[in-house]
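>
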Amino acid sequence: MGFLDQLKSMFGGHGSANAVAIGGPLTVADAKKALARVIVQQPLLSMRPVAEAVRDLQSQTPAFVTYGMDHYFNSPKLVRFQNSGGRQLDVDAIGSLHAQPGPLADEVTIQHLLDDIEDRRGHASADAEIGHIDVKPVAAKTTEVLGQAGSADSPAARDWMFALLDQITVIDEVTGGDLKPLADALAGAGFLGSVEASAAGIRKALVDALGIGSGSGASGLREALLDPSATTDAYMEAVAILGKHGIEVPKSVELA
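Taking full-length UniProt numbering, the leading residue of the sequence shown gets 1, the next gets one more, and so forth.
Right, here's the structure in full:
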């Protein structure tokens, strides 16, 4: 039995209606929520191993890095809790680890270009009107990043494309489906071919450009990235990475 199979066996189980069982197939969205929730709930004195784990997630399992993970590292928390329980936190070193280029930093950039929509939603009342958000700033940044990168193999291009893949559902929702400027920006890079101006079309273009093929990595990753309702066990590699850094992932995780 391989290491990932052992992990699946260890984590098999059932949770509550609001929880997902770790070890069985999950949608990419649920897997990301579960991983982010585990990370955000880590104690502040674990900032260094968490930062190192997130660094490894970005390099080894970028398809499962999501904007919500950034909440563990937000600047007010770093400042407010730089001394915790009489033990000094290595804020500068941790900040340097967190600030390294990668999909997470690009997801934060995309959120800023979307007027920090997720943070605004978190502070808005249930009946608040968020309003329509223009996709053009995201499209312009896409043109800039991919134009400078020059190819799909560039680390900067791959980071940005994984970030877009993470954020495309949000972008589609808050722009009211006005995705043509973004599709045009992707097509204009010259290495994604023609791109359909829809969330599904952009997902496919990104997955193809990133070289995520059927059978690559753990089972079902390509299918689960293309179809938000499809499930995969590919996230177990991310669970293994967290474990190597001493971050325990429980048998079931409550989703926020």
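Beta carbons are placed, not taken as given, at the ideal position from N, Cα and C, and that holds for glycine.
Apply the 10 Å Cβ neighbour rule to Ala128 and answer buried if 16 or more other Cβ atoms are within range, or exposed otherwise.
Because the pLDDT at Ala128 is just 49, under 50, the model does not fix this residue reliably, and the point stays unresolved.
> In angstroms with no decimal places, state the Cα-to-Cα distance between Ala53 and Arg203.
Cα to Cα, the separation comes out at about 26 Å.
> CB Pro25 to CB Asp153, shorter than 8 Å?
No. Outside cutoff.
> Thinking C-alpha only, which one of Ser46, Ala34, Pro49, Thr61 is nearest Gly68?
Out of Ser46, Ala34, Pro49, Thr61, Ala34 has the C-alpha closest to the C-alpha of Gly68.
> Among the candidates Trp160, Pro101, Ile94, whose CA atom is the shortest distance from the CA of Ala209?
Minimum Cα distance to Ala209 is reached at Trp160.
> Report all residues from its chain with a CB closer than 6 Å to the CB of Ala36; omit the five preceding and five following residues, and keep chain order.
Contacts found: Thr66, Gly68, Met69.
> In terms of residues, what are the limits of the alpha helix (DSSP H) holding Ser252?
From DSSP, Ser252 is part of no alpha helix (DSSP H) but of the beta strand (DSSP E) over 252-254.
> On the DSSP bridge list, what partners appear for Ile22?
Its beta-bridge partners are Gly24.
> Going by other Cβ atoms of all chains shown within 10 Å of its Cβ, with 16 needed for buried, is Gly150 buried or exposed?
Exposed is the call here.
> Give the secondary structure of Thr61 by DSSP, where H, G and I count as helix, E and B as strand, and everything else as coil.
Thr61 falls in the coil class under three-state DSSP.
> Flag this pair as yes or no: are the beta carbons of Ile110 and Ala163 separated by less than 8 Å?
Cβ distance < 8 Å, so Ile110 and Ala163 count as in contact.
> Thinking C-alpha only, which one of Ala139, Val40, Ala238 is nearest Thr175?
For Thr175, the nearest C-alpha among the options comes from Ala139.
> Using 8 Å for Cβ pairs, my map puts Thr142 next to Leu182. What's the rounded Cβ distance?
Confirmed, Cβ separation roughly 6 Å.
> If distances are taken between C-alpha atoms only, which option among Ala21, Lys32, His71, Pro62 comes closest to Leu44?
Closest by alpha carbon: His71.
> Tell whether a beta-carbon distance below 8 Å holds between Ala224 and Thr27.
Going by C-beta atoms, Ala224 is nearer than 8 Å to Thr27.
> Who are the Cβ neighbours of Ile247 in its own chain at under 8 Å, not counting the five residues just before and after it?
Here the set comprises Val38, Ile39, Gln42, Ser46, Pro49, Val50, Ala53.
> Within 10 angstroms of its Cβ, does Pro155 collect 16 or more other Cβ (buried), or is it exposed?
The residue is exposed, with fewer than 16 neighbouring Cβ atoms inside 10 Å.
> Closer than 7 Å by C-beta to Ala238: which residues in its own chain qualify, once you throw out the five before and the five after it? Chain order, please.
Correct list, in chain order: Leu35, Leu57, Thr61, Phe64.
> Does DSSP put Thr232 in a helix, a strand or coil?
Looking at Thr232 - three-state DSSP - the assignment turns out to be strand.
> Can you check whether the CB of Val20 is closer than 8 Å to the CB of Leu255?
Result yes, Cβ atoms of Leu255 and Val20 sit closer than 8 Å.
> What do you reckon, are the CB atoms on Gln148 and Glu107 nearer than 8 Å?
Contact flag unset, no.
> Would you kindly check if the distance between the Cβ of Ala157 and the Cβ of Leu179 is under 8 Å?
No; because the gap between Cβ atoms is not below 8 Å, this pair is not in contact.
> Three-state secondary structure (DSSP) at Ser151?
In this structure, Ser151 counts as coil in the three-state DSSP scheme.
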